[in-house]
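In this note's numbering, the protein residues as written are 331 to 433.
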């Protein structure tokens, strides 16, 4: 038939995507940070746990879903997934640096 076949070697691999890739990446990161700011400003922390420092945010975040509101549940997810996303980004950058040095 007349349906073209997409070859994975041509479209996936080492092709440089240029500026649009970086704009999309940093726009998504900025949106993620703005989402976190919104959630932090609108979340209701339980009266038994009012965080004042970074460590207390982590320890008190477990109690956020007790109010059963979506903002608090989303903030819990945001607080626990953000460090993982940062570590994945740093890992990607480190791997690119190592690959560049071994060439």
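No residue lacks a Cβ here, since even glycine has one placed at the ideal position from N, Cα and C.
Reduced DSSP category for residue i - H, G, I as helix; E, B as strand; rest coil
{"i": "residue 393", "result": "coil"}
{"i": "residue 431", "result": "helix"}
Separation of residue j from residue i, as counted between CA atoms
{"i": "residue 369", "j": "residue 413", "result": "16 Å"}
{"i": "residue 377", "j": "residue 411", "result": "24 Å"}
{"i": "residue 433", "j": "residue 405", "result": "42 Å"}
Neighbourhood of residue i by C-beta distance below 8 Å, restricted to the same chain and skipping five residues each side
{"i": "residue 379", "result": "386, 389, 390, 393"}
Beta-carbon contacts of residue i that lie in its chain and below 7 Å, excluding the five residues immediately before and after
{"i": "residue 402", "result": "373, 374, 394, 395"}
Cβ shell of residue i (< 6 Å), same chain only, five flanking positions each side left out
{"i": "residue 430", "result": "none"}
| task | Starting from the N-terminal side, write out each stretch of the alpha helix (DSSP H) that is 4 residues or longer and does not extend beyond the segment 369-425. | result | 384-391
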